[in-house]
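J.: Sharing a structure with you now.
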Amino acid sequence: MLDPNTIPASLRDTHDQLAARIEDASLSVAQPSQQSFYDGWVLRYSPGKAKRACCINAMGAGVLPLPEKINYCIDFYQRHNLPCLYRVTPFSRPDKLDTALAAANFDAYQDTRVMKLELSDALNDCSHSQVRSVDVNTFTSAFGQLHGLDAHKTKAEHDRYARSAIMGAYVAHFEGDVPIACGSVAVDGTLAGIFGMVTAESHRGEGIATALVSELLNRARRAGASTAYLQVEADNIAARRAYAKFGFEDCYAYWYRVRAEGKDQR
Numbered sequence: 007m008l009d010p011n012t013i014p015a016s017l018r019d020t021h022d023q024l025a026a027r028i029e030d031a032s033l034s035v036a037q038p039s040q041q042s043f044y045d046g047w048v049l050r051y052s053p054g055k056a057k058r059a060c061c062i063n064a065m066g067a068g069v070l071p072l073p074e075k076i077n078y079c080i081d082f083y084q085r086h087n088l089p090c091l092y093r094v095t096p097f098s099r100p101d102k103l104d105t106a107l108a109a110a111n112f113d114a115y116q117d118t119r120v121m122k123l124e125l126s127d128a129l130n131d132c133s134h135s136q137v138r139s140v141d142v143n144t145f146t147s148a149f150g151q152l153h154g155l156d157a158h159k160t161k162a163e164h165d166r167y168a169r170s171a172i173m174g175a176y177v178a179h180f181e182g183d184v185p186i187a188c189g190s191v192a193v194d195g196t197l198a199g200i201f202g203m204v205t206a207e208s209h210r211g212e213g214i215a216t217a218l219v220s221e222l223l224n225r226a227r228r229a230g231a232s233t234a235y236l237q238v239e240a241d242n243i244a245a246r247r248a249y250a251k252f253g254f255e256d257c258y259a260y261w262y263r264v265r266a267e268g269k270d271q272r
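If you count the sequence shown from 1, you need to add 6 to reach the numbering used here.
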């Protein structure tokens, strides 16, 4: 279990304008079709892998009493056979949401950092001859295989990316027909989000992910982006070090809260 107070206050409570823009942009990438709106909150209930596609994003304070809203969401996710999962960011509303969730027996876990990079400061190109441009079908197939997803969850991921309001570019590395790594970038004006990065465990540390990120950043530059961002779990030290070599640095943090009995349902 996570104590959010262990996260640096500068990442937990920021009101930075760029961070707010990144948060808005990230919510527009690969939106699931399974989402509902309730008194300022977005309730997502995709059956896919990504937690941000099956959680509550509390974007507005709304007008209803907070306990009533929390109870509504518990019932909503029970009807969809999913854990009632909140994604808590510096921009979640109302301001005391995290405290209220803790009091309602929601456990905090998975400290996640949103990292940013000014593309003018990025590491020089790192070319790799086996990085291939692929379409969304090939990307989501590779993503599903690398994560060991079943057909149902792989289709959910495909549907999210294929219907995204912000179109993406996709790259992958293969050995023969076997996917080894993949990733995507979605450019929204001057912001470029990197999503879906995964490398086969047996091939980590070989520089393949670095090559994919380099290619995605190059595409972002060519599309007119000036800032890149990505999301990575705080305890994924290897990935964070790799991203730091490009110049990525922490921008803000978010975490999840889930009902104590719901954490093992996914």
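Note that CB positions come from ideal geometry on N, CA and C, so glycine has one too. Computed from a predicted structure; not experimentally measured.
Determine the direct distance from the alpha carbon of residue 173 to that of residue 271, and round the result to whole angstroms.
T.: The predicted position of residue 271 is uncertain, since its pLDDT is 42 and thus under 50; no value can be drawn from it.
J.: From 54, 211, 150 and 156, pick the residue whose C-alpha is nearest to that of residue 188; which is it?
T.: For residue 188, the nearest C-alpha among the options comes from 150.
J.: Please go through the same chain and pick out, in chain order, the residues whose beta-carbon is closer than 6 Å to the beta-carbon of residue 140, but skip the five residues on each side of it.
T.: Excluding residues within five positions, the ones whose Cβ falls inside 6 Å are 176 and 178.
J.: Residue range of the beta strand (DSSP E) that residue 194 falls in?
T.: 184–194 is the span of the beta strand (DSSP E), which, as asked, contains residue 194.
J.: In three-state DSSP terms, what is residue 70?
T.: In the structure shown, residue 70 sits in coil (DSSP, three-state: anything other than H, G, I, E or B).
J.: Give the C-beta separation of residue 219 and residue 91 to the nearest angstrom, bearing in mind that I take them to be a contact with Cβ-Cβ under 8 Å.
T.: With 8 Å as the limit, residue 219 and residue 91 do not qualify as a contact, their Cβ atoms being about 28 Å apart.
J.: For residue 103, which option in 83, 82, 118 and 66 has the closest C-alpha, if you only look at C-alpha atoms?
T.: Per the Cα distances, 66.
J.: Is residue 251 buried or exposed, if buried means 16 or more other CB atoms sit within 10 Å of its CB?
T.: Counting Cβ neighbours within 10 Å, residue 251 comes out exposed, since fewer than 16 surround it.
J.: Do the segment 18–34 and the segment 119–129 make contact, defined as three or more Cβ pairs closer than 8 Å?
T.: At 8 Å Cβ cutoff, the stretches touch.
J.: Is residue 29 near the ligand MG - that is, is its Cβ less than 8 Å away from at least one heavy atom of it?
T.: As presented, the structure is devoid of all ligands, the ligand MG included, so that no description of it is given.
J.: What residue range does the beta strand (DSSP E) around residue 200 cover?
T.: 197–205 is the extent of the beta strand (DSSP E) around residue 200.
J.: Can residue 261 and residue 115 be called in contact, C-beta distance under 9 Å?
T.: Yes. Within cutoff.
J.: To which residues does DSSP link residue 258 through a beta bridge?
T.: Per DSSP, 120.
J.: Note down the Cα distance separating residue 126 from residue 232, rounded to an integer number of angstroms.
T.: Those two C-alpha atoms are separated by around 7 Å.
J.: Quick one: using the 10 Å Cβ neighbour count with 16 as the cut-off for buried, is residue 30 buried or exposed?
T.: Result: exposed.
J.: Between the Cα of residue 75 and the Cα atoms of 204, 106 and 58, which residue gives the shortest distance?
T.: Here the closest residue by C-alpha is 106.
J.: What do you get for residue 296, buried or exposed, if any count of 16 or more other CB atoms within 10 angstroms of its CB means buried?
T.: Residue 296 is absent from the structure shown; the chain starts at 7 and stops at 272.
J.: Are at least three pairs of beta-carbons, each pair with one atom in the segment 45–65 and one in the segment 147–161, less than 8 Å apart?
T.: In short, these stretches touch, since the Cβ pair count reaches three.
J.: When you compare each of 236, 38, 11 and 216 to residue 136 by their alpha carbons, which one comes out closest?
T.: For the residues 236, 38, 11 and 216, the minimum Cα distance to residue 136 belongs to 216.
J.: Output the distance between the C-alpha atoms of residue 138 and residue 124, rounded to the nearest integer angstrom.
T.: If you take the alpha carbons of residue 138 and residue 124, they lie about 25 Å apart.
J.: Could you tell me the distance, in whole angstroms, from the CA atom of residue 259 to the CA atom of residue 183?
T.: Going by the C-alpha atoms only, they are around 37 Å apart.
J.: Does residue 270 come out as helix, strand or coil in the three-state DSSP assignment?
T.: Because the pLDDT at residue 270 is just 45, under 50, the model does not fix this residue reliably, and the value given afterwards should be weighed accordingly. Helix.
J.: Pull up the distance between the alpha-carbon of residue 211 and that of residue 245, whole angstroms please.
T.: Their Cα atoms are separated by approximately 10 Å.
J.: Does the beta-carbon of residue 213 have 16 or more other beta-carbons within 10 angstroms, so that it is buried, or is it exposed?
T.: Counting Cβ neighbours within 10 Å, residue 213 comes out exposed, since fewer than 16 surround it.
J.: Along the chain, which unbroken stretches of the beta strand (DSSP E) at least 3 residues long are found entirely within the segment 57–104?
T.: Within the segment 57–104, the complete beta strand (DSSP E) runs of at least 3 residues are 62–64 and 91–94.
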